[in-house]
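Residue numbering for the sequence shown follows the numbering used here, beginning at 7 and increasing consecutively.
For reference, the structure discussed in these notes is given below.
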Amino acid sequence: MLQPWIVGAEHYETAQGVKRTLQRYKELQDIIAILGLDELSEEDRLVVARARKVERFLSQPFFVAEVFTGSPGKYVSLAETIKGFQMILSGELDHLPEQAFYLVGNIDEATAKAATIQVESA
7 MLQPWIVGAE
17 HYETAQGVKR
27 TLQRYKELQD
37 IIAILGLDEL
47 SEEDRLVVAR
57 ARKVERFLSQ
67 PFFVAEVFTG
77 SPGKYVSLAE
87 TIKGFQMILS
97 GELDHLPEQA
107 FYLVGNIDEA
117 TAKAATIQVE
127 SA
């Protein structure tokens, strides 16, 4: 079990925030399926957007997945990973599209990928 005295307070609080966000998203999925995303409150739409970014960011390019994804594996430090999740949860990255978080190692890569996506769609 994840405990703050084992992993540290910052890691623990970030992980709890990720869990809360994903749980709230799961709770909202039935409402979204029935009424649509537009019927959610602004706050709930932000939760959904951030949860979807978290899900994409969890798809970091692992070395063992190279064969399946075609993307080279990358080493990302724990500190960078925690910082990335904190930035997603705080809303600092609300302006980036969720596709930018798929198979990236850190937030700098997500930002670069977002710029590429923007150029390609223009």
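Built from N, CA and C at the ideal position, the CB exists for glycine as well.
From a predicted model like this one, the values you see are computed outputs, not experimental measurements.
Could you check where the alpha helix (DSSP H) with residue i kicks off and where it finishes?
i, result
"P78", "From DSSP, P78 is part of no alpha helix (DSSP H); its letter is neither H nor E."
"D114", "I113 to S127"
"Y31", "A15 to L41"
"D50", "E48 to F63"
I'd like the list of long-range same chain contacts for residue i, defined as Cβ closer than 7 Å, with 5 residues on each side in sequence excluded.
i, result
"V82", "Q66, G111 and N112"
"Y31", "V53, V54 and A57"
Can you tell me the Cβ-Cβ gap for residue i and residue j, rounded? I've got them flagged as a contact below 8 Å.
i, j, result
"G23", "L95", "5 Å"
"E104", "R62", "5 Å"
"G79", "E86", "The Cβ separation is near 15 Å, so there is no contact."
"A118", "L102", "Actually they do not touch by this definition, with Cβ atoms about 10 Å apart."
Within a Cβ cutoff of 6 Å, which residues of the same chain sit near residue i, ignoring the five residues on either side of it in sequence?
i, result
"L52", "none"
"A21", "L8"
"Q92", "T20"
Please name the residue in the options whose C-alpha comes closest to that of residue i.
i, options, result
"I88", "H101, F69 and V60", "V60"
"A116", "D36, L64 and L8", "L64"
"D114", "A71, G90, H101 and V13", "G90"
"E48", "F74, L102 and L34", "L34"
"Y18", "A120, L84 and G97", "L84"
Who are the near neighbours of residue i in its chain, counting only those whose CB is closer than 8 Å to its CB and skipping five residues on each side?
i, result
"S77", "P67, A71 and L109"
"T75", "P67 and L109"
Worksheet item: Does the region 55-74 come within contact of the region 25-32, defined as at least 3 CB pairs closer than 8 Å?
Response: yes
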